[in-house]
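Asker: Before I ask anything, let me first share the structure, which is written out below as structure tokens.
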Amino acid sequence: MKLLVTGSSGRIGRAAIERLLEEGHEVIGIDEVPSSDMRCPFARVDMRDYGQVLGAVADIESGIDGIVHLAAIVGAKVAASTHIFHTNTAISYNVFQAARIAGIKNIVFASSETLLGVPFDDPPAYFPVDDKLTSKPESSYALSKLVDESVAAEFCRWDPALKMIGLRFSWVKEPHQYDEMRACEDYPGVQKWNLWSYVESPDCA
Numbered sequence: 003m004k005l006l007v008t009g010s011s012g013r014i015g016r017a018a019i020e021r022l023l024e025e026g027h028e029v030i031g032i033d034e035v036p037s038s039d040m041r042c043p044f045a046r047v048d049m050r051d052y053g054q055v056l057g058a059v060a061d062i063e064s065g066i067d068g069i070v071h072l073a074a075i076v077g078a079k080v081a082a083s084t085h086i087f088h089t090n091t092a093i094s095y096n097v098f099q100a101a102r103i104a105g106i107k108n109i110v111f112a113s114s115e116t117l118l119g120v121p122f123d124d125p126p127a128y129f130p131v132d133d134k135l136t137s138k139p140e141s142s143y144a145l146s147k148l149v150d151e152s153v154a155a156e157f158c159r160w161d162p163a164l165k166m167i168g169l170r171f172s173w174v175k176e177p178h179q180y181d182e183m184r185a186c187e188d189y190p191g192v193q194k195w196n197l198w199s200y201v202e203s204p205d206c207a
């Protein structure tokens, strides 16, 4: 398959590209800057600019089977940030709309478990939690992911042939970052009712 990966220089983006290439797919990355170890063709795009996103997708649209949308600003611990919210929702809308115009029918995008309120200030209504738990975003980042899911649902309603799935990733870390995770024990701000989970970036792919 020929796949376009947004956020190709991020943690999940790099892991996804490596996995897709290993499986024999043709991959094109788009992001604001390339990673130092980029192994596939790359297009430099300001993802906040709809014209640039549309132009990039149009330039490489021929034969694209799907998009893996991973571009976002991460800030799950920042309670209120207009910049994070506006940036993430604009990027996702731009990608979804550009794909729709180009006739690309398959999109996988990164959502987040934080839209459920993770880590919780109070115990959840039931445990283990699942995707039926009522959303309770407690940060601008979490709220942006909730909006992304709603926008994706509307795009699918507009075009029933469009297939989109959002993956609610937990705390994404690199395999070498376990010491950083242990250090969180020293910060009262993360000592909440603790359903605190993580996933290594290679496993996201």
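In terms of the working numbering, the sequence shown has 107 at position 105, counting the first letter as 1, and numbering is strictly consecutive.
Where a beta carbon is used, it is the ideal one built from N, C-alpha and C, also for glycine.
1. List the whole-angstrom C-beta distance separating Y143 from T116, where the pair is believed to meet the contact cut-off of C-beta under 8 Å.
2. Which value, in whole angstroms, describes the spacing of the CA atoms of L22 and P125?
3. Just list the beta strand (DSSP E) runs in the stretch 127 to 181, keeping only unbroken ones of 3 residues or longer that don't cross its boundaries, in chain order.
4. Using the three-state DSSP reduction, which class does V7 fall into: helix, strand or coil?
5. Look at the alpha carbon of Y128 and the alpha carbon of E176, and state the distance between them as a whole number of angstroms.
6. Quick one: using the 10 Å Cβ neighbour count with 16 as the cut-off for buried, is I103 buried or exposed?
7. Who does S83 pair with in a DSSP beta bridge?
8. If we count the other Cβ atoms within 10 Å of its Cβ and call it buried at 16 or more, is P162 buried or exposed?
9. Leaving aside the five residues before and after H27 along the sequence, list all residues of the same chain whose C-beta is less than 6 Å from its C-beta, in chain order.
10. Kindly indicate which three-state DSSP category G68 falls into: helix, strand or coil?
11. Could you round the C-beta distance between L72 and V7 to whole angstroms and report it? I think they count as a contact, below 8 Å.
12. Write down the C-beta distance between R50 and T89 rounded to the nearest angstrom, noting that I regard them as a contact closer than 8 Å.
13. Do you know offhand how far D67's Cα is from I109's?
14. Is it buried or exposed for G12, if we count other Cβ within 10 angstroms and need 16 for buried?
15. With 16 other CB atoms within 10 Å as the buried threshold, where does I93 fall?
16. Taking the beta strand (DSSP E) that R30 falls in, what are its first and last residues?
17. By the three-class DSSP mapping on this structure, what secondary structure does V97 have?
18. Can you give the Cα-Cα distance for K165 and V153, rounded to whole angstroms?
Answerer: So, to answer that:
1. As a working note, residue 143 is residue 141 in the sequence shown. As a working note, residue 116 is residue 114 in the sequence shown. The Cβ separation is near 6 Å, so the contact holds.
2. Position 20 of the sequence shown, counted from the start, is the residue given in the question as residue 22. Position 123 of the sequence shown, counted from the start, is the residue given in the question as residue 125. Distance between the alpha carbons of L22 and P125: 38 Å.
3. 165 to 171 and 173 to 175
4. Counting from one through the sequence shown, the residue named residue 7 turns up at place 5. Three-state result, V7: strand.
5. As a working note, residue 128 is residue 126 in the sequence shown. As a working note, residue 176 is residue 174 in the sequence shown. Distance between the alpha carbons of Y128 and E176: 30 Å.
6. Here residue 103 refers to the residue found at position 101 of the sequence shown. Exposed, by the Cβ-count rule.
7. As a working mapping, residue 83 is identified with position 81 in the sequence shown. S83 is not bridged to any residue.
8. Position 160 of the sequence shown, counted from the first residue, corresponds to residue 162. Label assigned to P162: exposed.
9. Locating residue 27 in the sequence shown gives position 25, counting from the first residue. Closer than 6 Å at Cβ, skipping near neighbours: M3 and L5.
10. Taking the first residue of the sequence shown as 1, we reach residue 68 at position 66. It is a strand residue.
11. Translated into the one-based positions of the sequence shown, residue 72 becomes position 70. Translated into the one-based positions of the sequence shown, residue 7 becomes position 5. Right, their Cβ atoms sit about 7 Å apart.
12. By 1-based counting over the sequence shown, the position of residue 50 is 48. By 1-based counting over the sequence shown, the position of residue 89 is 87. Going by Cβ atoms, the distance from R50 to T89 rounds to 6 Å, so yes, they are a contact pair.
13. Within the sequence shown, numbered from 1, the residue matching residue 67 stands at position 65. Within the sequence shown, numbered from 1, the residue matching residue 109 stands at position 107. Each residue's Cα considered, the two are about 9 Å apart.
14. Position 10 of the sequence shown, counted from the start, is the residue given in the question as residue 12. Buried.
15. Position 91 of the sequence shown holds residue 93. Burial call: buried.
16. Position 28 of the sequence shown holds residue 30. Before going further, note that residue 30 is Ile rather than Arg in the sequence given. Counting along the chain, the beta strand (DSSP E) containing I30 begins and ends at E28 to D33.
17. Translated into the one-based positions of the sequence shown, residue 97 becomes position 95. Looking at V97 - three-state DSSP - the assignment turns out to be helix.
18. As a working note, residue 165 is residue 163 in the sequence shown. As a working note, residue 153 is residue 151 in the sequence shown. Each residue's Cα considered, the two are about 13 Å apart.
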